[in-house]
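> Residue numbers (our numbering): 3 to 257.
Even glycine gets a Cβ: it sits at the ideal position worked out from N, Cα and C.
Handing you a structure now.
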């Protein structure tokens, strides 16, 4: 009797395991755990203010040398328009993780192979970014008020600003690379490529464009930060494709 009951429990447990896998519970736990580790590790390399400000000034000098130092002029586009400030703040705050989660769920349900590829690209790019944050901390433009920058989140959206400044998960010197932009480019591009629906395709194309202007106009990132974010995510995508090809080569050998 005991053996039969044990076997039945194993069968029920296996069926429950398969059922939770089908609805994505395993995936949700794995991804949530990975992002938790990412944010905790990113926050753990905070606190190097002197180096971060020195590196931030180097970024400004580098952009001036290349003729890319347009952040002050770009921020000036919205400073006299309260509605535009609020819109850019909203995109910066709500257009990052909430939109990433929404698009990820959509891909998981309707385009599972693309979702798996993007998941691996996100994890790889996050790992690369954490290494850069640890070795090259950079203060964002908003921390250079003497240069003329304004922290639009702190001035006009204090509640959202306080919410994003949760100490255990924040590294205010993690400006390079901008994964706000890089991840929006990565996932928005995937949505635009796989969907046939014109509205979803438009959202996929428009989202990274809006995010680029948001990260710059709110004073949270330099233009170079966004470029670095795109390059890091391109590297993450390359890792994801390599992993996909490697697994594909292994499958025939297992048969």
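1. Shortest alpha-carbon distance to residue 104 belongs to which of 200, 68, 30 and 241?
2. Rounded to a whole number of angstroms, what is the C-alpha to C-alpha distance between residue 179 and residue 80?
3. In or out: residue 227 buried (at least 16 other Cβ within 10 Å) or exposed?
4. Answer yes or no: the CB of residue 108 versus the heavy atoms of the ligand FMN, is any distance below 7 Å?
5. Taking a contact to mean a Cβ-Cβ separation below 8 Å, would you say residue 235 touches residue 188 in this structure?
6. Leaving out five residues on either side along the sequence, give the residues of the same chain with a beta carbon under 6 Å from the beta carbon of residue 153.
7. Considering just the uninterrupted stretch of the alpha helix (DSSP H) at residue 122, what are its terminal residues?
8. Mind checking residue 82: buried by the 16 CB within 10 Å criterion, or exposed?
9. Leaving out the 5 sequence neighbours to the left and right, which residues in its chain are closer than 6 Å to residue 230 when beta-carbon positions are compared?
10. Are the CB atoms of residue 76 and residue 219 nearer to each other than 8 Å?
11. Label residue 98 either buried or exposed according to how many other C-beta atoms from any shown protein chain fall within 10 Å of its C-beta, with 16 as the threshold for buried.
12. Using the Cα positions of residue 107 and residue 133, report the straight-line distance between them to the nearest angstrom.
13. Give a yes or no on whether the C-beta atoms belonging to residue 55 and residue 141 are separated by under 8 Å.
14. DSSP state of residue 172, grouped into three classes?
15. Are the stretch 87 to 95 and the stretch 189 to 196 in contact at 8 Å, needing three or more beta carbon pairs?
16. Can you have a look at residue 102 and say buried or exposed, based on whether 16 or more other CB atoms are within 10 angstroms of its CB?
17. With a threshold of 6 Å on Cβ separation, who are the neighbours of residue 150 within its own chain once the five nearest residues in sequence on each side are excluded?
18. Which residues in the same chain as residue 72 place their Cβ atom closer than 6 Å to its Cβ, once the five residues preceding and following it in sequence are excluded?
Answer, in terms of the structure:
1. It is 30.
2. For residue 179 and residue 80, the distance between alpha carbons rounds to 24 Å.
3. Answer is buried; the Cβ neighbour count reaches 16.
4. Of the ligands one can find in the structure shown there are none, so the ligand FMN has no counterpart to examine.
5. Residue 235 places its beta carbon less than 8 Å from that of residue 188.
6. Excluding residues within five positions, the ones whose Cβ falls inside 6 Å are 144 and 221.
7. Where residue 122 is concerned, the enclosing alpha helix (DSSP H) stretches over 114 to 137.
8. Label assigned to residue 82: exposed.
9. Cβ-Cβ distances below 6 Å link residue 230 to 178 and 179 in the same chain, with the five nearest sequence neighbours on each side left out; the list follows chain order.
10. For the 8 Å CB-CB criterion, residue 76 and residue 219 form a contact.
11. So residue 98 ends up on the buried side.
12. Inter-residue distance for residue 107 and residue 133 is about 28 Å (C-alpha atoms, whole angstroms).
13. In this structure, residue 141 lies closer than 8 Å to residue 55 by Cβ.
14. DSSP places residue 172 in coil when its eight states are reduced to three.
15. Counting C-beta pairs with one atom in each stretch, the stretch 87 to 95 and the stretch 189 to 196 have fewer than three that are closer than 8 Å, which means they do not touch.
16. When all chains shown are included, residue 102 counts as buried.
17. The answer, listed in chain order, is 74.
18. The answer is none, since no qualifying residue turns up.
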